[in-house]
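If you read the sequences in order, they're chains S and C. According to full-length UniProt numbering, the residues represented by the first sequence are 1 to 173, in order. According to full-length UniProt numbering, the residues represented by the second sequence are 1 to 129, in order.
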Amino acid sequence: MHKKVAFIGSVGSGKTTIIESLSNIHTINTDVQSSVDIGKELTTVGIDYGHLVVNQDTTLGLYGVPGQQQYSLVWDFVKKGLWAICILVKNNESDSWQEVSYLIDYFEIHKGMPCVIGITHADQGCDQHTVHNINQILAKHQLNIPVYTIDPRQRDSANLIMQTLIALEEAVT
Amino acid sequence: MSQTFEAIFKNLDAKLKNVRALNLTTADGFPLYSYINGSFKIEEDKLSAVTSSLTALSHAAARQIMNDDYESTCIETSMGMMFMVQTRYQDQDCILSLISYGQPNLGQIRYYLLRLAKYLTTAKLSAEK
Ligand SMILES: Nc1nc2c(ncn2[C@@H]2O[C@H](COP(=O)(O)OP(=O)(O)OP(=O)(O)O)[C@@H](O)[C@H]2O)c(=O)[nH]1
Ligand SMILES: [Mg+2]
C-alpha cells in the first residue's frame with residue numbers, strides 16, 4: 001500500500017532536509033533563492049517529494065510543503081488524502097511553535113490520524129520552553145501527540161519519526 | 001529615461017490584444033510589478049505565489065524527468081491562457097507571466113514574452129508600479 005505523509009512547519013524547520021534524509025530516491029526539489037533574509041539561502045516554493053520503502057507491503061510518499069503561508073495553495077493540494085503528518089518546529093524560535101496551533105487547524109489534525117512533532121535545531125542551544133509551549137497547545141486542542149527532539153540531517157534521527165508514525169497507526173487501528 | 005511597467009504592458013497589449021495581466025515576480029514569489037487590465041480582478045499576491053510554485057515544479061519536471069533545461073510553462077483554459085517564462089531582473093531570479101483571454105496565439109505570446117524577458121535582464125524600470 002502506498003501512503004501519503006506530509007511534513008509541515010515553519011521556514012527553516014527542516015522539512016526539505018528530512019525528506020532528503022529519508023527518501024530512497026533522488027527527491028523532487030523546488031527550492032529557489034530567497035530574496036529576503038530568512039536565515040538560509042534557499043526556500044521551497046513548490047513541493048518536496050521523496051519515496052520511502054518501509055517493507056514489502058508499504059511504501060510512503062513523503063511530501064514537503066513550503067513553510068511560507070503565502071503558499072497555502074500547495075498546502076491545500078498536499079492536504080488531500082493524507083495518512084499521517086509530521087510537524088517540524090524550530091527550537092528557540094517563538095514564531096515556529098506559535099504556528100503549531102494554526103497548522104493543526106489548517107490540516108485538520110485529529111485523534112485518529114498518526115501525527116508526530118519534531119523539534120529541530122536543538123543542538124544550537126536548548127530551550128525547554130519550546131516543549132512546554134507545544135504541550136500547552138496540544139492540550140488546548142485535546143490532542144495527544146508525541147513530541148521528539150530530532151536532527152533532520154541524520155537519517156537515524158529522521159527514521160525515529162517514521163517508526164513512530166507507523167507504531168501510532170498500529171495503536172489507532 | 002526608464003520605462004514604467006504600465007508602458008511595457010500597453011506596448012505588449014497593442015501587439016497581442018486581449019492581454020489581461022502582466023506580472024513580474026521574484027522566483028520566491030514576491031511581486032515586483034503587476035499590471036492588470038481594466039475591470040479584471042486578480043489578486044497580485046496569489047498570482048505571484050502561483051507562478052513561483054508552478055515554475056519551480058516545471059523546473060523540476062524539466063530537469064529531473066525530461067533531463068533538459070527549463071524554458072517556459074503554459075496553461076490553457078477554455079477561454080484563454082497563462083504563460084510563464086524565467087527571467088532575471090536587477091540580478092534576481094524572476095518570473096514574468098502573462099494572462100491572455102479571447103483567442104490567444106501561443107506562438108506570438110511566446111515570442112513577445114521571451115523577448116520581454118530578455119529585455120528585463122538588463123533593464124531598470126521606473127520605480128512607479
Ligand atoms: N544545526 C542544525 N541545523 C539543522 C537542523 N535541522 C535542519 N538544519 C539545517 O537548517 C536548514 C533547514 O532548511 P530546510 O530543510 O530547507 O528547511 P524547510 O523547512 O524546508 O524550509 P522552507 O522550505 O523554507 O519552509 C538546513 O540548512 C539544514 O541543514 C538541526 O537540527 N540542527
Ligand atoms: Mg523546504
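Just so it is clear, CB atoms sit at the ideal spot from N, CA and C, and this is done for glycine as well. The structure displayed is predicted, hence computed values, not measured ones.
From the beta carbon of residue 33 of chain S, is the nearest beta carbon of chain C less than 8 angstroms away? Position 33 of the first sequence, counted from the first residue, corresponds to residue 33 of chain S. Closer than 8 angstroms to some Cβ of chain C, the Cβ of residue 33 of chain S qualifies, so yes.
Taking the C-alpha atoms as reference points, what is the distance between residue 53 of chain S and residue 118 of chain S? Position 53 of the first sequence, counted from the start, is the residue given in the question as residue 53 of chain S. Position 118 of the first sequence, counted from the start, is the residue given in the question as residue 118 of chain S. Computed Cα separation, rounded: 21 angstroms.
Check each candidate in S/36, S/38 and S/71 and name the one with the smallest Cα separation from residue 106 of chain S. Residue 106 of chain S sits at position 106 when you count from the first residue of the first sequence. The shortest C-alpha separation from residue 106 of chain S is found at S/71.
Assign residue 73 of chain S to one of two classes, buried (16 or more other C-beta atoms within 10 Å of its C-beta) or exposed (fewer than that). Numbered from 1 along the first sequence, position 73 holds the residue referred to as residue 73 of chain S. It is exposed - the Cβ of residue 73 of chain S has fewer than 16 other Cβ atoms within 10 Å.
What does a CB cutoff of less than 7 angstroms around residue 60 of chain C pick up in its chain, not counting 5 residues either side in sequence? By one-based count along the second sequence, residue 60 of chain C stands at place 60. Closer than 7 angstroms at the Cβ level, and outside the excluded window around residue 60 of chain C, lies no residue.
Tell me whether residue 158 of chain S, by its Cβ, gets closer than 7 angstroms to a heavy atom of ligand 1. Looking up residue 158 of chain S in the first sequence gives position 158. No, the beta carbon of residue 158 of chain S sits no closer than 7 angstroms to any heavy atom of ligand 1.
So, for residue 90 of chain S: in the same chain, excluding its five sequence neighbours on each side, which residues have a beta-carbon less than 7 angstroms away from its beta-carbon? Along the first sequence, one-based indexing puts residue 90 of chain S at 90. Cβ neighbours of residue 90 of chain S beyond the five flanking positions: 10, 12, 13, 96, 120 and 121.
Provide the residue(s) that pair with residue 59 of chain C in DSSP beta bridges, ordered along the chain. Looking up residue 59 of chain C in the second sequence gives position 59. Answer by DSSP bridge pairing: none, since residue 59 of chain C is not bridged.
Using a Cβ cut-off of 7 angstroms, which residues of the stretch 66-96 of chain C contact any Cβ in chain S, in chain order? 92 and 93
Chain-ordered neighbours of residue 74 of chain S on chain C, where CB pairs are closer than 7 angstroms: Working through the first sequence from its first residue, we reach residue 74 of chain S at position 74. Within chain C, the residues near residue 74 of chain S are 53.
Give the straight-line distance between the Cα atoms of residue 137 of chain S and residue 79 of chain C, rounded to the nearest whole angstrom. To locate residue 137 of chain S, count along the first sequence from 1; it is residue 137. To locate residue 79 of chain C, count along the second sequence from 1; it is residue 79. Distance between the alpha carbons of residue 137 of chain S and residue 79 of chain C is about 47 angstroms.
Does the structure place the stretch 14-32 of chain C close enough to the stretch 84-92 of chain C that three or more beta carbon pairs sit under 8 angstroms? yes
If I follow the unbroken beta strand (DSSP E) through residue 27 of chain C, where does it start and stop? Taking the second sequence and counting its residues from 1, one reaches residue 27 of chain C at position 27. It is not in any beta strand (DSSP E) - residue 27 of chain C carries neither H nor E in the DSSP assignment.
Three or more C-beta pairs under 8 angstroms: does that hold for the stretch 39-49 of chain S against the stretch 42-61 of chain C? yes
Proximal residues to residue 153 of chain S (C-beta, below 8 angstroms), its chain only, five neighbours per side dropped: The residue given as residue 153 of chain S occupies position 153 in the first sequence. These residues qualify, in order along the chain: 14, 17 and 21.
So, is residue 7 of chain S buried or exposed, given that buried needs 16 or more other C-beta atoms within 10 angstroms? Position 7 of the first sequence, counted from the first residue, corresponds to residue 7 of chain S. Answer is buried; the Cβ neighbour count reaches 16.
Measuring only the C-alpha atoms, how far is residue 165 of chain S from residue 84 of chain S? In the first sequence, counting from the first residue as 1, residue 165 of chain S sits at position 165. In the first sequence, counting from the first residue as 1, residue 84 of chain S sits at position 84. One C-alpha to the other measures close to 7 angstroms.
Could you tell me the boundaries of the beta strand (DSSP E) in which residue 88 of chain C lies? For the purposes of this step, residue 88 of chain C is identified with residue 88 of the second sequence, where counting begins at 1. That run of the beta strand (DSSP E) goes 80-89.
Cβ-Cβ separation, residue 35 of chain C to residue 22 of chain C (assumed contact under 8 angstroms), whole Å: As a first step, residue 22 of chain C must be located in the second sequence, where it is residue number 22. As a first step, residue 35 of chain C must be located in the second sequence, where it is residue number 35. Yes, they are in contact, since the Cβ atoms of residue 22 of chain C and residue 35 of chain C sit about 5 angstroms apart, within 8 angstroms.
Can you tell me the Cβ-Cβ gap for residue 101 of chain C and residue 18 of chain C, rounded? I've got them flagged as a contact below 8 angstroms. Stepping through the second sequence from its first residue, residue 101 of chain C is reached at position 101. Stepping through the second sequence from its first residue, residue 18 of chain C is reached at position 18. Indeed, because the Cβ distance is near 5 angstroms, the residues count as touching under 8 angstroms.
Could you give the uninterrupted runs of the alpha helix (DSSP H) lying entirely in the stretch 112-143 of chain S, keeping only those of 4 residues or more? 128-140
In whole angstroms, what separates the C-alpha of residue 116 of chain C from that of residue 50 of chain S? In the second sequence, the residue the question calls residue 116 of chain C occupies position 116. In the first sequence, the residue the question calls residue 50 of chain S occupies position 50. Approximately 36 angstroms, taken between the alpha carbons.
Short Cβ contact (8 angstroms threshold) for residue 161 of chain S with residue 150 of chain S: In the first sequence, counting from the first residue as 1, residue 161 of chain S sits at position 161. In the first sequence, counting from the first residue as 1, residue 150 of chain S sits at position 150. Cβ atoms of residue 161 of chain S and residue 150 of chain S: closer than 8 angstroms.
Any chance the CB of residue 64 of chain S is under 7 angstroms from a heavy atom of ligand 2? By 1-based counting over the first sequence, the position of residue 64 of chain S is 64. Residue 64 of chain S Cβ: within cutoff of ligand 2.
Neighbour list for residue 63 of chain S in chain C, Cβ cutoff strictly below 7 angstroms: Residue numbering aside, residue 63 of chain S sits at position 63 when the first sequence is read from its first letter. Going along chain C, no residue has its Cβ under 7 angstroms from residue 63 of chain S, so there is no contact; the nearest lies around 13 angstroms.
Along chain S, which residues have their Cβ under 8 angstroms away from the Cβ of residue 27 of chain C? Working through the second sequence from its first residue, we reach residue 27 of chain C at position 27. Result: 32, 33, 35 and 45.
Give the straight-line distance between the Cα atoms of residue 61 of chain S and residue 99 of chain C, rounded to the nearest whole angstrom. Position 61 of the first sequence, counting from 1, holds the residue named residue 61 of chain S. Position 99 of the second sequence, counting from 1, holds the residue named residue 99 of chain C. If I take the Cα positions, the gap works out to 34 angstroms.
Got a sec: does ligand 2 put a non-hydrogen atom nearer than 7 angstroms to the Cβ of residue 48 of chain S? Along the first sequence, read from residue 1 onward, the residue named residue 48 of chain S stands at position 48. Because some heavy atom of ligand 2 lies under 7 angstroms away, the Cβ of residue 48 of chain S counts as near it: yes.
Same chain only: Cβ atoms within 6 angstroms of residue 115 of chain S, ignoring 5 sequence neighbours per side: In the first sequence, residue 115 of chain S corresponds to position 115, counting from 1. Taken in chain order, the residues that qualify are 85, 109 and 145.
For chain C, is any of its Cβ atoms less than 8 angstroms away from the one on residue 24 of chain S? Locating residue 24 of chain S in the first sequence gives position 24, where the first residue counts as 1. Not closer than 8 angstroms to any Cβ of chain C, the Cβ of residue 24 of chain S fails to qualify, so no.
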